[in-house]
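*Asks:*
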Amino acid sequence: MTARAPHATPWIEGKPSPLNANDFLQVRLFIAHLRPDQKLSQHQMADLLGVACNTYSKWERGYQPPPPFACRAVELLLYVTLANKGHFKGESHAMALLARFTRDAGKGEANA
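Here UniProt numbering is used: the first residue of the sequence shown is 1, the next is one more, and so on.
Following this line, the structure appears as structure tokens:
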């Protein structure tokens with residue numbers, strides 16, 4: 001029997017997230033894009049994840065690697081946002097939408 005972390009949450013265990021620190025900024029921007037009526041700041045994202053704003057900021061800027069629970073929580077936040085907008089067809093579809101958003105955002109920066 002493996003020992004569980006004291007604050008481990010069952011829905012986070014057992015499945016690694018496809019997200020990493022490099023994806024945090026893109027997920028936040030994508031969620032904000034899906035909810036144009038609500039801006040999503042680093043502070044608000046930190047509140048949603050239950051962490052300090054400076055901790056979230058370090059993850060997003062790559063100064064500190066996020067723990068696995070944070071990657072999974074951000075992934076699930078993305079899924080819930082897509083589901084609320086009627087765009088969620090599955091995990092692979094959500095990751096494809098994020099990849100397309102990231103690619104298109106990069107094209108916009110190149111044209112700016």
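Glycine residues also receive a C-beta, built at the ideal position from the N, C-alpha and C atoms.
Excluding the 5 residues flanking Gln42 on each side, which residues of the same chain have their C-beta closer than 8 Å to its C-beta?
*Replies:* Cβ within range, chain order: Arg28, Cys53, Tyr56, Ser57, Glu60.
*Asks:* Is DSSP giving Tyr79 helix, strand or coil here?
*Replies:* Looking at Tyr79 - three-state DSSP - the assignment turns out to be helix.
*Asks:* Can you list, in chain order, the residues of its chain with a C-beta nearer than 6 Å to that of Phe101? Leave out the 5 residues immediately preceding and following it.
*Replies:* Same-chain partners within the cutoff: Phe30.
*Asks:* Between the Cα of Ala32 and the Cα atoms of Leu98, Cys71, Gly106, Gly50, which residue gives the shortest distance?
*Replies:* Nearest option by C-alpha distance: Leu98.
*Asks:* Within the continuous alpha helix (DSSP H) that includes His43, where are the two ends?
*Replies:* 42-49 is the span of the alpha helix (DSSP H), which, as asked, contains His43.
*Asks:* Smallest Cα separation from Leu49: which of Arg103, Ala83, Val74, Ser92?
*Replies:* Closest option to Leu49, Cα to Cα, is Val74.
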